[in-house]
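Visitor: This is the structure I have questions about; it appears just below.
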Amino acid sequence: MGPDAQEQLSVGVGALAGSTIMLLTLPWFLSVLAGRVSIDKDNKLTYTSKPKLVPGEENSLTRTGVDCAPEISKGGALMMITSMSYLVIQLPALSFEGESSAEIGADENGYALAGLLLTLFFFCAYLWYQWRLSQGSHEPSELGRERIIKEHMNKGMVGIVDAFRTDFEPYARRLADSYKAAHGESFQERSRRISQKKGGGPAAAAGGSYQAVADSSDSLDLPRPLRDRFVRFVRTFFDKYDKDHSRAIDLDEIRLVFQDLNEKISKEDYKTLFQVFDMDGNGDINFNEFVTGTSQYIVSKILEENTPEQLEKKKSQREEESGEEHEEMPEEFVDMDPKARTKAILVKSFSTMMLGTGMVLLFSDPMVDVLTAVGERTGVPAFYVAFVLAPLASNASELIAAYNYAAKKTSSTILVSLSALQGA
Numbered sequence: 013m014g015p016d017a018q019e020q021l022s023v024g025v026g027a028l029a030g031s032t033i034m035l036l037t038l039p040w041f042l043s044v045l046a047g048r049v050s051i052d053k054d055n056k057l058t059y060t061s062k063p064k065l066v067p068g069e070e071n072s073l074t075r076t077g078v079d080c081a082p083e084i085s086k087g088g089a090l091m092m093i094t095s096m097s098y099l100v101i102q103l104p105a106l107s108f109e110g111e112s113s114a115e116i117g118a119d120e121n122g123y124a125l126a127g128l129l130l131t132l133f134f135f136c137a138y139l140w141y142q143w144r145l146s147q148g149s150h151e152p153s154e155l156g157r158e159r160i161i162k163e164h165m166n167k168g169m170v171g172i173v174d175a176f177r178t179d180f181e182p183y184a185r186r187l188a189d190s191y192k193a194a195h196g197e198s199f200q201e202r203s204r205r206i207s208q209k210k211g212g213g214p215a216a217a218a219g220g221s222y223q224a225v226a227d228s229s230d231s232l233d234l235p236r237p238l239r240d241r242f243v244r245f246v247r248t249f250f251d252k253y254d255k256d257h258s259r260a261i262d263l264d265e266i267r268l269v270f271q272d273l274n275e276k277i278s279k280e281d282y283k284t285l286f287q288v289f290d291m292d293g294n295g296d297i298n299f300n301e302f303v304t305g306t307s308q309y310i311v312s313k314i315l316e317e318n319t320p321e322q323l324e325k326k327k328s329q330r331e332e333e334s335g336e337e338h339e340e341m342p343e344e345f346v347d348m349d350p351k352a353r354t355k356a357i358l359v360k361s362f363s364t365m366m367l368g369t370g371m372v373l374l375f376s377d378p379m380v381d382v383l384t385a386v387g388e389r390t391g392v393p394a395f396y397v398a399f400v401l402a403p404l405a406s407n408a409s410e411l412i413a414a415y416n417y418a419a420k421k422t423s424s425t426i427l428v429s430l431s432a433l434q435g436a
């Protein structure tokens with residue numbers, strides 16, 4: 013590294029320390045400030061209300077707040093644990109003050125090696141922990157995912173279709189074909205036929221030609237883990253309104269169920285939906301019919317998504333919506349089908365990250381030289397120059413991005429904002 017290796021090391025360590033402290037102070041404060049919403053009388057955050065921040069409460073420290081998800085707490089705990097490796101070298105170094113640089117270096121060699129090994133261990137352990145989260149203990153992770161989905165439904169952030177779209181999409185056509193093979197018409201065809209009937213009761217609308225559907229765990233042409241998870245998920249909503257334990261729900265109850273599932277359906281469409289679900293035409297819906305009907309409802313929405321009419325309709329809706337509980341999608345991805353959109357986003361992400369990495373490699377060495385020169389000309393140690401100036405240059409993008417995300421005032425964007433600051 014040359015004769016000024018120690019000076020360059022001071023700049024590097026100062027930049028790292030300054031970046032860490034800067035990201036967890038000023039940007040964190042600004043993100044919380046920008047992302048605050050009001051807290052109602054039930055101590056719930058008003059993410060789904062308008063206005064989200066009630067006039068007059070902008071400066072309140074007790075009536076405003078942000079949704080701090082468990083992921084943020086876990087990330088903070090991991091930061092605390094891994095930062096303990098810093099003490100391995102720092103604590104012994106305090107006792108070496110007053111000695112010459114050569115003597116201090118000789119005394120610190122062993123502690124520096126121990127600190128290096130410990131940080132490598134923590135790094136590998138962190139990678140293993142992340143891998144385990146993505147691979148291990150499916151049951152707890154699935155239950156956690158269900159809990160989060162239900163919380164988002166309660167907040168009006170997601171409906172049953174959005175919750176299972178990614179899971180059902182690869183099997184949508186297969187599920188639709190299985191339904192048609194079993195009942196002689198597709199779910200959409202049955203819905204259209206019933207909606208065209210005027211004045212007919214459930215039995216008349218059903219046509220009387222259908223047999224009761226098979227057991228819910230076997231009637232879905234899905235991989236067993238997904239099938240079991242879906243059945244378990246909708247069971248809680250069905251049981252909530254089956255108060256008499258008759259194992260069936262009526263028209264009013266199916267309306268309440270789909271309101272809980274956060275699906276916006278008109279009163280007349282509820283009647284049609286009920287008759288479509290009621291395969292045997294007996295005037296109520298048992299759990300097997302509910303599972304089959306709900307799964308086909310999701311499938312029908314997925315299959316309708318890619319028609320030109322639906323794409324144009326969704327584009328118009330996006331232009332009209334403002335202040336909703338979600339962030340806008342970049343215009344270049346709006347009209348793509350889901351698979352092409354996912355691929356385009358990945359390509360865009362990787363190309364942007366590679367460009368950023370290349371720029372860092374190109375400018376990092378000249379930046380170290382500049383900070384060193386500033387320290388020499390001002391008489392301020394290079395460590396402190398880097399501690400103050402480097403974060404302003406290297407982490408300005410994180411500050412701006414975190415602030416802009418938080419300013420959208422949704423529970424998902426504040427999570428992204430604070431997680432980005434922790435990760436950076």
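Numbering (this note's numbering), first residue to last: 13 to 436. Backbone N, C-alpha and C fix where the C-beta goes; we use that ideal spot for every residue, glycine too. From a predicted model like this one, the values you see are computed outputs, not experimental measurements.
1. Using the Cα positions of proline 82 and serine 423, report the straight-line distance between them to the nearest angstrom.
2. Looking only at its own chain, which residues have a Cβ that is under 8 Å from the Cβ of alanine 432, when we skip the five neighbours before and after it?
3. For the segment 391 to 402 against the segment 18 to 30, do three or more pairs of beta-carbon atoms, one drawn from each stretch, fall closer than 8 Å, so that the two count as touching?
4. Measure the Cβ-Cβ separation of glycine 30 and glutamine 434 and say whether it is below 8 Å.
5. Are the CB atoms of valine 49 and lysine 62 within a distance shorter than 8 Å?
6. Contact check, phenylalanine 286 vs isoleucine 277 under 8 Å by CB: the rounded distance?
7. In whole angstroms, what is the alpha-carbon distance linking leucine 45 and leucine 268?
8. Could you check which residue in Phe41, Ile93 and Ser85 has the C-alpha nearest to that of leucine 73?
9. Alpha carbons only, please: which of Met92, Ile93, Ala118 and Gly127 is nearest the one belonging to leucine 103?
10. Taking the alpha helix (DSSP H) that asparagine 416 belongs to, which residues open and close that run?
11. Return yes when the Cβ of methionine 165 is within less than 8 Å of the Cβ of aspartate 272, no when it is not.
12. If you measure between the beta carbons of valine 173 and glutamate 275, is that distance less than 8 Å?
13. Give me the Cα-Cα distance between alanine 184 and leucine 358, rounded to the nearest whole angstrom.
14. Can you tell me which residues form a DSSP beta bridge with serine 50?
15. Go through the segment 175 to 204 residue by residue and report every complete run of the alpha helix (DSSP H) that reaches 4 residues or more, in order.
16. Can you tell me which of the three DSSP states alanine 126 falls into?
17. Here's the rule I'm using: 16 or more other beta-carbon atoms within 10 Å means buried, otherwise exposed. How should leucine 125 be labelled?
18. Leaving out the 5 sequence neighbours to the left and right, which residues in its chain are closer than 8 Å to aspartate 264 when beta-carbon positions are compared?
19. Quick one: grab the DSSP three-state call for leucine 65.
20. Quick one: measure Cβ to Cβ for glutamine 18 and threonine 384, integer angstroms, because I've assumed they're closer than 8 Å.
21. Comparing alpha-carbon positions, which option in Leu35, Ser43, Pro39 and Thr76 lies nearest asparagine 55?
22. Relative to the alpha-carbon of valine 504, which residue among Thr248, Asn121, Ala352 and Gly295 has its alpha-carbon at the smallest distance?
23. Tell me which residues share the same chain as phenylalanine 199 and place their Cβ nearer than 6 Å to its Cβ, disregarding the 5 neighbours each side in the sequence.
24. Sort Phe289, Asp262 and Asn407 by Cα distance to isoleucine 206 and report the nearest one.
Guide: According to the data block:
1. In the sequence shown, counting from the first residue as 1, residue 82 sits at position 70. In the sequence shown, counting from the first residue as 1, residue 423 sits at position 411. If you take the alpha carbons of proline 82 and serine 423, they lie about 12 Å apart.
2. Residue mapping note: residue 432 aligns to position 420 of the sequence shown, counting from 1. The residues are Glu410, Ala413, Ala414 and Tyr417.
3. yes
4. Translated into the one-based positions of the sequence shown, residue 30 becomes position 18. Translated into the one-based positions of the sequence shown, residue 434 becomes position 422. Cβ distance not < 8 Å, so glycine 30 and glutamine 434 don't count as in contact.
5. For the purposes of this step, residue 62 is identified with residue 50 of the sequence shown, where counting begins at 1. For the purposes of this step, residue 49 is identified with residue 37 of the sequence shown, where counting begins at 1. No, Cβ-Cβ distance for lysine 62 and valine 49 is not below 8 Å.
6. What you label residue 286 is simply residue 274 of the sequence shown in a count that begins at 1. What you label residue 277 is simply residue 265 of the sequence shown in a count that begins at 1. The Cβ separation is near 10 Å, so there is no contact.
7. One-based indexing of the sequence shown puts residue 45 at position 33. One-based indexing of the sequence shown puts residue 268 at position 256. Cα to Cα, leucine 45 sits roughly 37 Å from leucine 268.
8. Taking the sequence shown and counting its residues from 1, the one referred to as residue 73 is at position 61. Among Phe41, Ile93 and Ser85, the Cα nearest to that of leucine 73 is on Phe41.
9. As a first step, residue 103 is located in the sequence shown; it is residue number 91 there, counting from the start. Ranking Met92, Ile93, Ala118 and Gly127 by Cα distance to leucine 103 puts Gly127 first.
10. The residue labelled residue 416 in the question sits at position 404 within the sequence shown. Counting along the chain, the alpha helix (DSSP H) containing asparagine 416 begins and ends at 408 to 418.
11. Taking the sequence shown and counting its residues from 1, one reaches residue 272 at position 260. Taking the sequence shown and counting its residues from 1, one reaches residue 165 at position 153. Their beta carbons are under 8 Å apart, which means aspartate 272 touches methionine 165 by this criterion.
12. Taking the sequence shown and counting its residues from 1, one reaches residue 173 at position 161. Taking the sequence shown and counting its residues from 1, one reaches residue 275 at position 263. For valine 173 and glutamate 275, yes; Cβs fall inside 8 Å.
13. As a first step, residue 184 is located in the sequence shown; it is residue number 172 there, counting from the start. As a first step, residue 358 is located in the sequence shown; it is residue number 346 there, counting from the start. For alanine 184 and leucine 358, the distance between alpha carbons rounds to 24 Å.
14. Residue mapping note: residue 50 aligns to position 38 of the sequence shown, counting from 1. DSSP, once it has assigned bridges, lists Thr76 as partnering serine 50.
15. 184 to 195
16. Numbered from 1 along the sequence shown, position 114 holds the residue referred to as residue 126. Alanine 126: helix per DSSP, three-state reduction.
17. In the sequence shown, residue 125 corresponds to position 113, counting from 1. Classification for leucine 125: exposed.
18. Here residue 264 is taken as the residue at index 252 of the sequence shown, counted from 1. Contacts found: none.
19. In the sequence shown, the residue the question calls residue 65 occupies position 53. Coil, per DSSP.
20. By 1-based counting over the sequence shown, the position of residue 18 is 6. By 1-based counting over the sequence shown, the position of residue 384 is 372. Contact flag wrong, Cβ pair sits at about 11 Å.
21. Looking up residue 55 in the sequence shown gives position 43. Of the listed residues, the one whose Cα sits closest to asparagine 55 is Thr76.
22. Since the first residue of the chain shown is 13 and the last is 436, residue 504 is not available in this structure.
23. Position 187 of the sequence shown, counted from the start, is the residue given in the question as residue 199. Within the same chain, phenylalanine 199 has close Cβ partners Tyr191, Gln308 and Ser312.
24. As a first step, residue 206 is located in the sequence shown; it is residue number 194 there, counting from the start. That would be Phe289, whose Cα lies nearest to the Cα of isoleucine 206.
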